[in-house]
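Using the working numbering, the first residue of the sequence shown is number 829, and each one after it goes up by one. Below is one structure, written out as structure tokens; comments come after it.
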Amino acid sequence: MQQLAILDDYQGVAHSFADWSSLEQRGVAVTVFNRHLATEAEVVETLRDASIVIAMRERTPFPESVLEKLPRLQLLVTTGAANASIDVGAASRLGITVCGTGGSPTAAPELTWALLLAFARNLTQEEAALRDGRWQTGVGFELSGKTLGIVGLGKIGTRMAGYGRAFGMQVLAWSQNLTEEAAAAAGARKVDKEELFRESDVVSLHLRLSPRSAGIVGERELRLLGPDGVLVNTARGPLVDQQALLTALHEGWIRGAALDVFDQEPLPAGHPLLNAPRTLLAPHLGYVTDASYRAFFGGALEDVTAWLDGSPVRVLTP
């Protein structure tokens, strides 16, 4: 009997979004892990008998150092169409098939906008104060008339540009390969990186993480954003120099930050961002919706079924 492991099902919903019994009827034993496997050693020990693994986004990395210690692994499925934490090249060399799934195009941008609105109107602080018996403790700000700077004008960034225009914001955009024509088509104005951070009231990050984009926001960019500026990151934590961000928050270089992603996930108790001022934090909820999970788990089941039939689909290549 083959062993299939579904990883990082934090909410215990894997069986709600796909019917895994069809695999069990084919001699595949399905095990769901709700707890996070925090170390490479724990991953290797836990998955040593698994021939099929389903990874939820980038919650559990699979570098070559892990893959080479899982000799029984034959199929690795990632939810979503790409996964920077899987060494697809190493998997290919080791004879492991890697497949992806579809996803929701609206989940991440909607969450991004929700974070921005909540930050602008102090909703988390005001709700806590209300429950504590206090009424109207602060003053928020409006988005209309402000400037939204988008770093990375792909599918999510383009939706963000539309949201910004709908709220009466001017929209600027920058990425390393962005053209003026592509920016204009999204309703944004292409500027250079320095101008975007200097002129924007809100900067929202929507780049893929890569060696070229890691740390793309550091001290210089945060100082340019200024004491009235807000940074929103729902893309990947390492896009931002974490130490520079912590200093900016404590010293007031920026108005604040709304964050859904972090260098380390899950964020451990005692992490300095948990006690940093001027922050609104969410536990990487960008893709955590019923529509996303239907696409993720349903697509993963399709991937496994097709692979068992000898015709794998949505295969990822180096």
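Where a beta carbon is used, it is the ideal one built from N, C-alpha and C, also for glycine. Keep in mind it's a predicted model, so treat the numbers as computed, not measured.
Residue interval of the beta strand (DSSP E) (run including residue i)
i       : result
ALA883  : 880-883
VAL858  : 856-860
SER1032 : 1030-1033
ALA1086 : 1084-1087
THR1107 : 1107-1109
VAL1058 : 1058-1061
Identity of the residue in the options nearest residue i by Cα
i       : options                            : result
LEU976  : SER893, GLY1114, PHE1025           : PHE1025
ARG887  : THR906, GLU873, ARG900, GLU896     : THR906
ARG921  : GLU896, LEU945, GLY930, ALA910     : GLU896
ASN862  : LEU875, GLU870, GLY840             : GLY840
ARG1122 : ALA842, MET829, ILE834             : ALA842
PRO1096 : ALA833, HIS864, SER850, LEU851     : HIS864
LEU1129 : PRO1100, LEU904, GLY1098, LEU1050  : LEU904
PRO891  : ILE914, VAL871, GLU873, THR874     : ILE914
ASP837  : ALA883, LEU958, ASP1131            : ALA883
LEU1033 : ALA994, THR1117, GLY996, MET988    : MET988
ILE834  : THR1133, SER1139, ALA1134, PHE1125 : PHE1125
ARG885  : LEU901, ARG900, SER893, VAL926     : VAL926
GLN1070 : ASP1091, ARG1040, VAL1132, GLY1057 : ASP1091
SER1038 : GLU1027, PRO1066, ILE924           : PRO1066
PRO937  : THR1062, ASP1137, PRO1111, GLU1079 : THR1062
VAL858  : LEU971, TRP848, LEU944             : TRP848
GLY968  : LYS983, GLY961, LEU944             : LEU944
PHE995  : GLU1008, VAL979, LEU971            : LEU971
ARG1064 : THR867, ALA1110, THR1007, LEU898   : ALA1110
ARG876  : SER844, ALA912, GLN831, ARG949     : GLN831
HIS1112 : ASP1137, GLY1098, LEU939, GLN853   : LEU939
Test item: CB-CB of residue i and residue j under 9 Å
i       : j       : result
VAL1060 : LEU1035 : no
GLY1114 : VAL1141 : no
ARG1017 : PRO1055 : no
ILE880  : VAL856  : yes
GLU1047 : ALA1076 : yes
ALA1001 : GLY985  : yes
GLU954  : GLY966  : yes
GLY908  : THR934  : no
VAL1030 : LYS974  : yes
LEU1147 : ALA1011 : The structure shown does not extend to residue 1147, since the chain is modelled only from 829 to 1146, so the question has no answer here.
LEU1074 : LEU1052 : no
ALA878  : LEU851  : no
HIS1078 : ALA1104 : yes
SER893  : GLU868  : yes
THR1133 : VAL916  : no
Residue i: first and last residue of the uninterrupted alpha helix (DSSP H) it sits in
i       : result
GLN1070 : 1070-1079
VAL894  : 892-895
THR874  : 868-874
LEU898  : No alpha helix (DSSP H) contains LEU898, which DSSP labels as neither H nor E.
TRP848  : Per DSSP, TRP848 belongs to no alpha helix (DSSP H) and is neither H nor E.
ALA1097 : First-last for ALA1097: undefined, no H or E at that position.
VAL1132 : 1118-1136
For residue i: DSSP bridge partner residues
i       : result
GLN830  : VAL856
ARG1017 : LEU1000
ASN1103 : Per DSSP, none; premise fails for ASN1103.
VAL841  : DSSP, once it has assigned bridges, lists no residue as partnering VAL841.
VAL1045 : VAL1068
LEU903  : ILE880, THR925
VAL1141 : None; VAL1141 has no bridge partner.
Inset, instruction - Please go through the segment 907-987 and give each complete beta strand (DSSP E) segment of 3 or more residues, from N-terminal end onward. - result: Runs of the beta strand (DSSP E) lying entirely within the segment 907-987 and spanning at least 3 residues, in chain order: 925-927, 975-979.
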